[in-house]
Amino acid sequence: MDVALDLNTSPDVFDLPPDPVVQARDIAPLLRAEGPRIEALGRLTDAVVEALHAHGLYRTLLPRSLNGYGLGLERFVQMMETLAAADASTAWCVGQASGCSMAAAYVEPVVAREIWGDDPRGVLAWGFQMEGRAKVVPGGYRVTGKWGFGSGGHHASWMGAHCHVELPDGSLLRDAGGSPIERTMLLRQDQLNWVSNWDVVGLRGTGSDGYTLHDVFVPEANSVRRDLDAERRIDQPFFRFTTTSAYACGFAAVSIGIARGMLDELRSLAQTKKPSNTSRALRDSSVMHHLVAENEAKLRSARAFVLETIRDGEDCIRCAGALDLENRVMMRLATTTAIRRAKEVAEFAYHEAGATAIFTSNPFERKMRDIHASAQQVQARTGHIETCGKYFLGLDPAVRHI
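Under my numbering, the first residue of the sequence shown is numbered 3, with each subsequent residue one higher.
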């Protein structure tokens, strides 16, 4: 547990368990059992949602003052990979909600208390593909738009809608550099109109449907602009990390966890499987000995790189009060690389499992689809590597969100 960045500022109201990694291990058998139903349903099952709430796993990154764990990113990553090894869709939904919970440091305290502090089942989620406008009106905004990729939103009590702000004269509110300002509108679940459009290859159980709003009033207090020092209301060390930091680490952990699950399944299979036209099990093959060890090293190295950059970031925050550019670049490089390496390990495990892997009755097939879906997300974008390379060669990365 990260003691230095513990955000315990008040006693817990709800009786949360002490270690989310232990809790994730405890519910892993349930996740594995419910995995096929999650896949078929297209969202998490009621049993899984209840278990996540009962074990407090949506609250890992929330401060203790809002009845969260108040833990740092390192323990969060370890929890996420444990969940993902059992069921990737569940981990993805928890990762999305956890990243969204970083908004707790920037929203009005009374609203933060309403969303998370007073409700033990309070969860905030939001989608991507911003096509929203928030028109300034007395007391707040009138919001219209549509958003996609609302991962885990069907189980959230609150949803966010990222919007450009439209002034009364019809122009967009812009920052000092001339870019449109984005604010996130926070609404209750029953204010949305869901669009069932999540028909995908992998991560089918995340229920990442779209949603729309039409001329819905949102009070000023129920809007938030994240990751700006001037807007931070919980000014504690952990929140010097950004929402992007949480997403990058969380979704890298999903890929690492899927790959870990597949590698473990291969090791189990290798104990008994005898490939066609051979008389010995996979575990007795010298080629398999080499490949398994090589891929263990690849996955563990990628994981260690992510955890190292988190610790380095914490050290930087302690010494300088904020993440510097180098630490941001290193976190981006570590998380993007981890997703890429995890996919390679998963592909190795799938291939070496042979024909066993193609049957839906075995875990390889769904995990293979899940890891390829996870690697398509923005956190795995190949362009991130180029951005980091520019920095290492003394050039300006010129990227805002790293």
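Where is the CB? At the ideal position from N, CA and C, for every residue including glycine.
None of these values were measured; they are calculated from a predicted model.
Check	Outcome
Per DSSP, cross-strand counterpart(s) of residue 79	According to DSSP, which records beta bridges pairwise, residue 79 is partnered with nothing at all.
Secondary structure of residue 392, DSSP reduced to three states	helix
For residue 134, the three-state DSSP class (helix, strand or coil)	strand
Buried or exposed (CB count within 10 angstroms, at least 16 for buried), residue 171	exposed
8 Å Cβ cutoff met for residue 333 and residue 225	no
Which listed residue (164, 98, 311, 348) has its alpha carbon closest to that of residue 331	311
Euclidean distance between Cα positions of residue 274 and residue 283	6 Å
Residues sharing a beta bridge with residue 213, DSSP	149, 196
Span separating the alpha-carbon of residue 136 from that of residue 147	9 Å
Enclosing beta strand (DSSP E) for residue 166 [first to last residue]	160–168
Assigned exposure category for residue 194 - 16 Cβ within 10 Å defines buried	buried
Residue 189 versus 255, 159, 176, 211, residue with shortest Cα-Cα distance	159
Reference residue 56; option with closest CA among 357, 26, 180, 349	26
Cβ-based neighbour list, residue 88, same chain, cut-off 6 Å, excluding 5 preceding and 5 following	30, 33, 34
CB of residue 245 within 8 Å of CB of residue 141, strictly	no
Cβ-based burial, residue 95 [other Cβ within 10 Å; buried from 16]	buried
Whole-number beta carbon distance between residue 304 and residue 344, since they are thought to touch under 8 Å	6 Å
Start and end residues, beta strand (DSSP E) containing residue 187	184–190
The stretch 264–272 / the stretch 354–371 touching (three or more Cβ pairs under 8 Å)	yes
Residue 327 versus residue 401 - alpha carbon distance	11 Å
CA-to-CA distance, residue 260 to residue 391, given in whole angstroms	28 Å
Own chain residues within Cβ distance below 7 Å of residue 337, not counting five before or after	250, 251, 254, 308, 381
Residue 358 and residue 301 closer than 8 Å at C-beta	no
Neighbour-count burial assignment, residue 179, 16 or more Cβ in a 10 Å radius	exposed
Residue 91 vs residue 63 beta-carbon contact at 8 Å	no
The stretch 221–235 / the stretch 147–156 touching (three or more Cβ pairs under 8 Å)	no
Three-way DSSP call (helix, strand, coil) for residue 4 in this model	Note on residue 4: pLDDT 37, under 50, position unreliable in the model; no value is reported.
According to DSSP, residues forming a beta bridge with residue 144	137, 219
Distance between beta carbons of residue 61 and residue 70, contact taken as under 8 Å	4 Å
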